[in-house]
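Engineer:
2 protein chains.
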Amino acid sequence: MVETQSLKYVLCLLCSVILNIIFVFKEGGEWNLSWSRIAAIEAEAVAAISCSGHGRAYLDGLVLDGNKEPVCECNTCYGGPDCSQFLPDCAADANGGDPLFLEPFWMQHAASSALVVAGWHRMSYKYSDNSFISEELEKLIRKVHSIVGNACTDKRYIVFGAGSTQLLNAAVHALSPDNSSSPARVVASIPFYPVYELQTDIFRSVNFNFQGDTSLWKNNSDAGTEIIEFVTSPNNPDGQLNKAVLHGSNVKTIHDHAYYWSHFTAIPAPADGDVMIFTLSKLTGHAGSRFGWAIVKDEAIYQRMSTYLALNTMGVSRDSQLRSLKLLKVVLAGGGRDIFEFGHETMKKRWEKLNKVISMSKRFSLQKLAPKYCTYFQKISGVSPAYGWLKCEKEEDKHCSAVLQAAANIIGREGSLFYAEDRYVRLSLIKSQDDFDLLLNKLNELVSGEEGPKNM
Amino acid sequence: MVETQSLKYVLCLLCSVILNIIFVFKEGGEWNLSWSRIAAIEAEAVAAISCSGHGRAYLDGLVLDGNKEPVCECNTCYGGPDCSQFLPDCAADANGGDPLFLEPFWMQHAASSALVVAGWHRMSYKYSDNSFISEELEKLIRKVHSIVGNACTDKRYIVFGAGSTQLLNAAVHALSPDNSSSPARVVASIPFYPVYELQTDIFRSVNFNFQGDTSLWKNNSDAGTEIIEFVTSPNNPDGQLNKAVLHGSNVKTIHDHAYYWSHFTAIPAPADGDVMIFTLSKLTGHAGSRFGWAIVKDEAIYQRMSTYLALNTMGVSRDSQLRSLKLLKVVLAGGGRDIFEFGHETMKKRWEKLNKVISMSKRFSLQKLAPKYCTYFQKISGVSPAYGWLKCEKEEDKHCSAVLQAAANIIGREGSLFYAEDRYVRLSLIKSQDDFDLLLNKLNELVSGEEGPKNM
Chain A
23 MVETQSLKYV LCLLCSVILN IIFVFKEGGE WNLSWSRIAA IEAEAVAAIS
73 CSGHGRAYLD GLVLDGNKEP VCECNTCYGG PDCSQFLPDC AADANGGDPL
123 FLEPFWMQHA ASSALVVAGW HRMSYKYSDN SFISEELEKL IRKVHSIVGN
173 ACTDKRYIVF GAGSTQLLNA AVHALSPDNS SSPARVVASI PFYPVYELQT
223 DIFRSVNFNF QGDTSLWKNN SDAGTEIIEF VTSPNNPDGQ LNKAVLHGSN
273 VKTIHDHAYY WSHFTAIPAP ADGDVMIFTL SKLTGHAGSR FGWAIVKDEA
323 IYQRMSTYLA LNTMGVSRDS QLRSLKLLKV VLAGGGRDIF EFGHETMKKR
373 WEKLNKVISM SKRFSLQKLA PKYCTYFQKI SGVSPAYGWL KCEKEEDKHC
423 SAVLQAAANI IGREGSLFYA EDRYVRLSLI KSQDDFDLLL NKLNELVSGE
473 EGPKNM
Chain W
23 MVETQSLKYV LCLLCSVILN IIFVFKEGGE WNLSWSRIAA IEAEAVAAIS
73 CSGHGRAYLD GLVLDGNKEP VCECNTCYGG PDCSQFLPDC AADANGGDPL
123 FLEPFWMQHA ASSALVVAGW HRMSYKYSDN SFISEELEKL IRKVHSIVGN
173 ACTDKRYIVF GAGSTQLLNA AVHALSPDNS SSPARVVASI PFYPVYELQT
223 DIFRSVNFNF QGDTSLWKNN SDAGTEIIEF VTSPNNPDGQ LNKAVLHGSN
273 VKTIHDHAYY WSHFTAIPAP ADGDVMIFTL SKLTGHAGSR FGWAIVKDEA
323 IYQRMSTYLA LNTMGVSRDS QLRSLKLLKV VLAGGGRDIF EFGHETMKKR
373 WEKLNKVISM SKRFSLQKLA PKYCTYFQKI SGVSPAYGWL KCEKEEDKHC
423 SAVLQAAANI IGREGSLFYA EDRYVRLSLI KSQDDFDLLL NKLNELVSGE
473 EGPKNM
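Same order as they appear, the protein sequences are chains A and W. Whatever position you read off the first sequence (first residue = 1), add 22 for the working numbering. Whatever position you read off the second sequence (first residue = 1), add 22 for the working numbering.
(1) Nearest chain A C-beta to W:W373 closer than 8 Å, yes or no?
(2) Could you check if A:Y149 is buried or exposed, using at least 16 other CB atoms within 10 Å of its CB as the buried criterion?
(3) Identify each residue in the region 224-246 of chain A for which the Cβ-Cβ distance to at least one residue of chain W is less than 8 Å, and report them in chain order.
(4) Residues in the same chain with beta-carbon distance under 6 Å from W:A193, minus the five sequence neighbours each way, listed in chain order, please.
(5) Looking at the structure shown, is W:V139 part of a helix, part of a strand, or coil, going by DSSP?
(6) Ordered along the chain, which non-local residues of its own chain (more than five positions away) have a Cβ less than 8 Å from that of W:M336?
(7) Alpha carbon to alpha carbon, how far is W:H143 from W:L81? Give it in angstroms, no decimals.
(8) Comparing alpha-carbon positions, which option in W:E125, W:A322, W:E251 and W:Y441 lies nearest W:H308?
(9) Pick helix, strand or coil for W:H131, following the three-state DSSP scheme.
(10) Buried or exposed: A:N229, going by 16 or more other Cβ atoms within 10 Å of its Cβ?
(11) Write down every uninterrupted run of the beta strand (DSSP E) in the region 297-326 of chain W whose length is 3 residues or greater and which is fully enclosed by it, in chain order.
(12) Can you give the beta carbon distance from A:G437 to A:L426, rounded, assuming they're within the 8 Å contact cut?
(13) Rank A:K453, A:T301, A:G410 and A:E472 by C-alpha distance to the C-alpha of A:R385 and give the top, closest one.
(14) For W:G141, verify whether its CB is less than 7 Å away from any heavy atom of the ligand GDP.
(15) Does W:I60 have its Cβ less than 8 Å from a Cβ in chain A?
(16) Relative to chain A, which residues along the region 173-194 of chain W have a C-beta separation below 9 Å, given in chain order?
(17) Which residue comes first and which comes last in the alpha helix (DSSP H) that contains A:D360?
(18) For W:D82 and chain A, any beta-carbon pair shorter than 8 Å?
(19) Check whether the Cβ atoms of W:P256 and W:A173 sit closer than 8 Å, and answer yes or no.
(20) What are the residues that DSSP puts in a beta bridge with A:D414?
(21) Let me know if W:A184 comes out buried or exposed under the rule of 16 or more other beta-carbons within 10 Å of its beta-carbon.
(22) Which same chain residues end up closer than 8 Å to W:I402 when comparing Cβ atoms and leaving out the 5 residues on each side of it in sequence?
(23) On a Cα-Cα basis, can you pick out the residue from W:S271, W:A70 and W:R312 that is closest to A:L333?
(24) Closer than 8 Å by beta-carbon distance: list the chain A residues that pair up with W:V318, in chain order.
(25) Out of W:N431, W:V447 and W:E363, point me to the one whose CA is closest to W:S406's CA.
(26) So W:P407 contacts chain A; which residues on that side make the cut at Cβ distance below 9 Å?
(27) Return the residue from the list W:R207, W:E248, W:L347 and W:P213 that minimises the CA-CA distance to W:D223.
(28) Would you kindly check if the distance between the Cβ of A:F440 and the Cβ of A:P213 is under 8 Å?
(29) List the residues of chain W whose Cβ lies closer than 8 Å to the Cβ of A:A57, in chain order.
(30) Kindly say whether W:V469, judged by its beta-carbon, lies nearer than 8 Å to any beta-carbon of chain C.
(31) Identify, in the order they occur along the chain, each residue of the same chain with its Cβ nearer than 6 Å to the Cβ of A:L122, setting aside the five sequence neighbours on each side.
(32) On the DSSP bridge assignment, give the partners of A:A206 in chain order.
(33) At 8 Å on the CB atoms, spell out the chain W contacts of A:E157, in chain order.
(34) Using only the alpha-carbon positions, how far apart do A:N463 and A:A114 sit?
(35) By the 8 Å beta-carbon criterion, what residues does the region 318-341 of chain W contribute toward chain A?
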């Protein structure tokens, strides 16, 4: 009898265990996973490849003959199959503007930022409203600006571009007079982002050409010629919140607000320019996705930009629009606190460390940036620029980047590239932690090697 | 005793069942799925939304207030929340070039074409080789050409663009003389793809301008001026395998091979032009991904194109490069048989049906295309063009698209858009099955309504 009982009991147990296991998996959802399963396993396997915290493996990384898995792509100065080897004689690369300081944020938010794309996703040229622009993404962009308070979007049009890069020329094109005898003069204030000139020049347009420094046109009385002024705020390289210099009926302004996010600056007030350009690259750190947008007041300018973007590339890849949508959903979760606090804290700490070192030096100095009240953080937020704009103070140090290279094996971007003196050099603070640490170490050695402390 | 035995037996069974279930899931891999799980469930849920086979829901589709799921986006002439309503008075839209005829292929290959993207995937501007181009993707592109045999890639350079669209002007830019007094003349043979002129014009470059029909320059003796000839093979709209018309030291040729795939034409031999342009849009059907590539013989031209692409958009979105990589892996599975047989069969059937209807008509005729030996299928393959180039034969039917619209509610693209007579109209055969069926029905009604059969 006892055993009959236990038999029944065990049979019950058997059923309940099976049901439980089935239930657990159904809850987890895997029970339903079908076509996405293999891709998910593949992606997680690649993500699991250890590159010693000094590199990463990508789904589309190089696969060496005989291997199945992609190779580790190591940070600067790290090598070996798993990026565990530190390369001692390697230079600290503070040259580029890769916003990898945000990469750890996305690794911490792996689940919410993961994206699964079906093979038949958005094959068409157009969205259902017959445009090249995802309505859902446009909605989220307006939301992000309203919670950050860094730009007015009410009653404005929004166009998408392949990063801010494509939008810069789309705006120059749209603001230039068509079929005019005199081309528009495109200008920017020194020091300025080199692409303004390089890009304006390469198109060799009848409608516009680059004319250099804004100040040369300050007292221009020739109202007959259109002028297009690039205003970069915060400015690349020096982080200043520039304002338009030129005014008048013949002056159009393109406000490049790539860096106007709480990571890099206090937000004193929402930007309100006629043409404002933003990019995902400096908001989420996804430079590779090539996604940017312009906020445009005037409908005719918006139409001309849209036509330009249609004939140049037929709009922005639907794949990068989908990716941007997913990333902005994470940005918006919790009112943006997570990413902006992470971004601002990281950049502030880096700036403080850089400042501490340079303040010990007689030979070098950094740009001065005053803390401002940030309407987003609702407090005076510490300075946190994307770049250090370093100056060599010694008379003989006319070529500052050469000095850094020779004396400390540091690669910066020379001032002349920004149409400033070579006495200046731009040091990137937005790259990976490895890059920043290396830069800081080499600067420390260099400065501590100076004869005598600053105030002796 | 018996019951003790059965008790033991049942306990064994219990263990083995549990182990089995665990094993199954471990095999399936779900056991390990972590950060990708939620995204996978979300994507499969959206894919499972039924739109009655006459539409689809997308991950980035519009979400109406109060709803959680995106709306169904219905095919032309279908409506209602689940696209089940047929809209009787709706026009058959044969206007656009959306390559949705391949969508069912990707739905059939859901598992192999699914893609999971990690939030931190490729945030950088550059790949590890410091370029804007994925080496793995370039490898696959060369493989696809070698198995299809439609282009020589040995000792050629490959550049990527946002669809062929961006590459057209990149090539014109690279082939134009810089700082020359006389701009290059850009020409194409009528009927030609309108973007050649519209795009060349919008940049208003000092270096080049559009000069219309190639034939006007056939006997040009002015070797002092550079000429850039667009050669489209197969041609859009008429599907002819065009060859270069102009030759000489002052002539450069851009070979637009967007349609040079077994879906649309026999492949007589590998294309061997100096500058050849291809696009994912007409190979896999993913027009929305905006991915194309150019195969370039000369290094200097390749360098000029690369510089142009860098300053225009800083290369192609890493997201669309990743997507293209995944799709080309599916294309290459089984030597491409799956997709090219599907594509060719679909297009051949559509052409046969269209021909059958039009052959009954006295009022309309179609372009003549001869079957050719296809080196890929290794047989004479049936004709399967992307477009019907319809002619109105009646003297009074001078505006053929207007005739189709008025008499049968069919929207085609008028001949004049291709710089041909409006007596011609382009009918798209590459759109969804719904679009094609609708077109065919309306043509059937129209032709059967003609007084008397053709040969009476």
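Ideal placement from N, C-alpha and C gives every residue a C-beta, glycine not left out. Remember, predicted model here, so these are calculated numbers, not experimental data.
Structural biologist: Inspection of the coordinates gives the following:
(1) In the second sequence, counting from the first residue as 1, residue 373 of chain W sits at position 351. Not closer than 8 Å to any Cβ of chain A, the Cβ of W:W373 fails to qualify, so no.
(2) The residue labelled residue 149 of chain A in the question sits at position 127 within the first sequence. Per the 10 Å Cβ criterion, buried.
(3) I224, F225, R226, S227, V228 and N229
(4) Translated into the one-based positions of the second sequence, residue 193 of chain W becomes position 171. So the qualifying residues of the chain are I276 and V297.
(5) In the second sequence, residue 139 of chain W corresponds to position 117, counting from 1. Residue state, collapsed to three classes: strand.
(6) Here residue 336 of chain W refers to the residue found at position 314 when the second sequence is read from its first residue. Once the five neighbours on either side are set aside, the close Cβ partners of W:M336 are Y147 and F154.
(7) Position 59 of the second sequence holds residue 81 of chain W. Position 121 of the second sequence holds residue 143 of chain W. When rounded, the distance between both Cα atoms is 19 Å.
(8) As a position in the second sequence, residue 308 of chain W is number 286, starting the count at 1. When only C-alpha atoms are compared, the closest one is W:E125.
(9) Locating residue 131 of chain W in the second sequence gives position 109, counting from the first residue. Residue state, collapsed to three classes: coil.
(10) Here residue 229 of chain A is taken as the residue at index 207 of the first sequence, counted from 1. Buried: at least 16 other Cβ atoms inside 10 Å.
(11) Taken in chain order, the complete beta strand (DSSP E) segments of 3 residues or longer contained in the region 297-326 of chain W are 297-301 and 314-318.
(12) Residue numbering aside, residue 437 of chain A sits at position 415 when the first sequence is read from its first letter. Residue numbering aside, residue 426 of chain A sits at position 404 when the first sequence is read from its first letter. That pair is no contact at about 12 Å.
(13) Reading the first sequence from its first residue, position 363 is the one you call residue 385 of chain A. Taking only the C-alpha atoms, the option nearest A:R385 is A:E472.
(14) For the ligand GDP, the structure offers nothing, since it holds no ligand at all.
(15) Residue 60 of chain W sits at position 38 when you count from the first residue of the second sequence. Chain A, which has a Cβ nearer than 8 Å to the Cβ of W:I60, makes this yes.
(16) G183, A184, G185, T187, Q188 and N191
(17) Residue numbering aside, residue 360 of chain A sits at position 338 when the first sequence is read from its first letter. First-last of the alpha helix (DSSP H) with A:D360: R359 to S381.
(18) Indexing the second sequence from 1 puts residue 82 of chain W at position 60. Cβ-Cβ to chain A under 8 Å: yes for W:D82.
(19) By 1-based counting over the second sequence, the position of residue 256 of chain W is 234. By 1-based counting over the second sequence, the position of residue 173 of chain W is 151. No, the Cβ-Cβ distance between W:P256 and W:A173 is not below 8 Å.
(20) For the purposes of this step, residue 414 of chain A is taken as residue 392 along the first sequence, with counting starting at 1. The sequence given here places Cys at residue 414 of chain A; Asp does not occur at that position. A:C414 is bridged to A:F386.
(21) Within the second sequence, numbered from 1, the residue matching residue 184 of chain W stands at position 162. Buried, by the Cβ-count rule.
(22) Start at 1 with the first residue of the second sequence, and residue 402 of chain W comes out as number 380. So the qualifying residues of the chain are A288, P393, K394, Y395 and C396.
(23) Here residue 333 of chain A refers to the residue found at position 311 of the first sequence. Checked all of W:S271, W:A70 and W:R312; the closest Cα to A:L333 is W:R312.
(24) Here the question's residue 318 of chain W lines up with position 296 in the second sequence. Taking the beta carbon of W:V318 as reference, no residue of chain A falls within 8 Å; the closest one sits roughly 18 Å away.
(25) The sequence position of residue 406 of chain W within the second sequence is 384, counting from 1. Among W:N431, W:V447 and W:E363, the Cα nearest to that of W:S406 is on W:E363.
(26) Here residue 407 of chain W is taken as the residue at index 385 of the second sequence, counted from 1. Neighbours of W:P407 on chain A: none; closest Cβ ~19 Å, over 9 Å.
(27) Start at 1 with the first residue of the second sequence, and residue 223 of chain W comes out as number 201. Per the Cα distances, W:R207.
(28) Here residue 213 of chain A refers to the residue found at position 191 of the first sequence. Here residue 440 of chain A refers to the residue found at position 418 of the first sequence. Yes, Cβ-Cβ distance for A:P213 and A:F440 is below 8 Å.
(29) To locate residue 57 of chain A, count along the first sequence from 1; it is residue 35. The sequence shown places Trp at residue 57 of chain A, not Ala. Result: E66, A69, A132, A133 and A136.
(30) In the structure shown, chain C cannot be found, because the protein chains are A and W.
(31) In the first sequence, residue 122 of chain A corresponds to position 100, counting from 1. Excluding residues within five positions, the ones whose Cβ falls inside 6 Å are K453 and S454.
(32) Mapped onto the first sequence, residue 206 of chain A falls at position 184. In the DSSP output, where bridge partners are listed per residue, A:A206 has A:F230.
(33) In the first sequence, residue 157 of chain A corresponds to position 135, counting from 1. Per Cβ cutoff of 8 Å: L84.
(34) Taking the first sequence and counting its residues from 1, the one referred to as residue 463 of chain A is at position 441. Taking the first sequence and counting its residues from 1, the one referred to as residue 114 of chain A is at position 92. Roughly 9 Å between the two C-alpha positions.
(35) For the region 318-341 of chain W, which is checked against every Cβ of chain A, the residues closer than 8 Å are T329, Y330, L333, N334, T335, M336, G337, V338, S339, R340 and D341.
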